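Residue numbers (the working numbering): 18 to 582. We put the beta carbon where it would ideally sit given N, CA and C, even for glycine. Please read all numbers here as calculations on a predicted model, not as lab measurements. See below for the structure under consideration.
See below:
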């Protein structure tokens, strides 16, 4: 295809002629694209460069080389075409390389400064900012590794009970979700149709990533549907032709309390009515109710019996139902409904829960603090204390920090400073920015903290909004694979895990949620990092016992340049 540069009313532009003889402007102009990429690097991935340039120190702009390489065309022909699109001064700093110079291995022409041993402008601080984006995130490394299950977990994931119903209970990090994911993968390879359901909107991304890591030799894992419970309800309601009734449940005429009640009961009642209508209409030749060979429910303590029994209506005859739960994470106060009598009504015909009691996620160093926290602040709860893996002491180093502040209004700034300091304190290990996780107690404080981080030049993937209608779509796209710092509420991160975390606690944060948030820290042989920033004075005595503790007074908070650790 012949290319050329033409002068138009918008200036010089790259044009081409297709096989049909039609002329068109090349919108994907390589000269414009590399300038865009370079500006993104200077302002987003190494914001110190952009800051220096904004201060008038334009020599810093040359720290990043942006060039154009054509692998199937000679250098002179490429330069002849593209040079008019570059100013005379820019041509000195934008290498244009063709196949001949690549074959000659002229790295000095591609990267002009590659043989320099020093630079007046490049420094360690800028280099470290760049490394944080170049190093592979921990999540990406883990995602390539197949799931590892111990003998007990494997026995649960590769067998079924006589009735098809199984319930598994275990503490945080004991492998409940791993068993669920592996069971789903095994059933999928048998040609079964599977539904995986959670209450948490953000959790299905995590569960899907776990299933992808389940390797079943010689088989392909598919036919798995991932949904959060209320989205499934909505789908059934719409399928049953009751969308108008659904919208009425959440229109502006309802108070907040009424909306909460409708989420708990109203929408599920409507889903059951829709199921009845679909079954009845199927008798007249209309679409049949979609049923599943297996329905697997994660974080079962978030469900009530009514929800569970509604899901059971979609189970095929002789199908499987799996419930995994941890009462310690009962943030919605629903686990109390799962009594022995209630279990019989839910399809479980007696017999004990399958127990997973050993934690394979949390660093041993943190487990001891979690036990103290549960015993001191949650004595009347159903906390299932975490038990460390025996014989594994000191294999999982953890940097634990507690910062006590005097008011919740200081949480955003201290949390922002803390998350930005993590890469500085993990030397010599390089932290990938997408591995940084920030958990805030509410959307208002979350938005304030995100604004501070963005002002520092970092992009943040977050779920925060004061408009509840905007929160759901943000949650739907929240996933660990995104190339951003991550931020959400404690409730939205329940079920997830991370190596580098900052958790904010205000005066009204539920103490059970505090426990759940801290238990999200994931162990690693190269170490993990957790900073808790707390404005609740009742937790100060607990924070003092941590390896690193700082108590910020009002005057101290005027300058946050020396966050400890």
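- Query: From residue 101 to residue 50, what distance separates their C-alpha atoms?
  - Reply: 16 Å
Could you pull the start and end residues of the beta strand (DSSP E) that residue 502 belongs to?
-> 502-506
Q. For residue 217, does the count of other Cβ atoms within 10 angstroms reach 16, so buried, or fall short, so exposed?
A. buried
According to DSSP, is residue 200 part of a helix, a strand, or is it coil?
helix
From residue 463 to residue 535, what distance separates their C-alpha atoms? 18 Å
Counting C-beta neighbours from all protein chains within 10 Å, is the total for residue 184 16 or more, i.e. buried, or is it exposed?
buried
**Prompt:** From residue 52 to residue 158, what distance separates their C-alpha atoms?
**Reply:** 31 Å
Original post:
What do you get for residue 347, buried or exposed, if any count of 16 or more other CB atoms within 10 angstroms of its CB means buried?
Top reply: buried
request  = For residue 28, count neighbouring C-beta atoms within 10 Å of its own C-beta (all shown protein chains included) and say buried if the count is 16 or more, exposed if not.
outcome  = exposed
Legend entry - Cβ shell of residue 344 (< 7 Å), same chain only, five flanking positions each side left out: 318, 352, 399, 401
Quiz prompt | Where the alpha helix (DSSP H) through residue 246 begins and ends | solution = 246-256
| field | Buried or exposed by the 16-neighbour rule on C-beta atoms within 10 Å, applied to residue 94 | value | exposed
- Between the C-alpha atoms of residue 574 and residue 420, what's the straight-line distance to the nearest angstrom? Below a pLDDT of 50, predicted positions are generally treated as unreliable, and residue 574, at 46, falls in that range; no measurement from the model is reported.
| field | Extent of the continuous alpha helix (DSSP H) to which residue 159 belongs | value | 155-160
Does the distance from the CB of residue 538 to the CB of residue 545 come in under 8 Å? yes
In DSSP terms, what residue 28 is bridged to: 25
Three-state class that DSSP yields for residue 18 in the structure shown: coil
From residue 41 to residue 439, what distance separates their C-alpha atoms? 49 Å
Checklist line | Of the residues 165, 453, 458, the one placed nearest residue 551, counting alpha carbons only | finding: 458
What are the residues that DSSP puts in a beta bridge with residue 371?
185
Measuring CB to CB, does residue 404 end up less than 8 Å from residue 548?
no
Notebook entry, point to check: Just checking, does the region 319-329 make contact with the region 144-153 on the three C-beta pairs under 8 Å criterion?
Noted result: no
Quick check: the Cα distance between residue 108 and residue 129, rounded to an integer number of angstroms?
12 Å
Open item on the list: To test your reading of the DSSP string, which unbroken beta strand (DSSP E) runs of 3 or more residues are found completely within the region 292-332?
Closed with: 309-314
Q: For residue 272, name the three-state secondary structure that DSSP assigns.
A: coil
Check your understanding: Given that a residue counts as buried once 16 or more other Cβ atoms are within 10 Å of its Cβ, and exposed if not, what is residue 21?
Key -> exposed
- prompt: Quick one: Cα of residue 554 to Cα of residue 434, how far?
  reply: 21 Å
What residue range is occupied by the uninterrupted alpha helix (DSSP H) comprising residue 174?
168-174
Which one or two residues does DSSP pair with residue 521 in a beta bridge?
550
_In whole angstroms, give me the CA-to-CA distance for residue 429 and residue 474._
16 Å
*Give the DSSP-derived three-state secondary structure of residue 348 in the structure shown.*
coil
In chain order, what residues of the same chain lie with their CB nearer than 6 Å to the CB of residue 306, ignoring the 5 residues before and after it? 295, 296
Discussion item. Suppose contacts are defined by Cβ-Cβ distances below 8 Å. Is residue 504 in contact with residue 481 by that definition?
Written reply: yes
Just tell me which of 247, 530, 526 has its CA closest to the CA of residue 512. 530
Next on the checklist: Check whether the region 185-202 and the region 109-126 are in contact - that is, three or more C-beta pairs closer than 8 Å.
Outcome noted: no
Assigned exposure category for residue 460 - 16 Cβ within 10 Å defines buried:
buried
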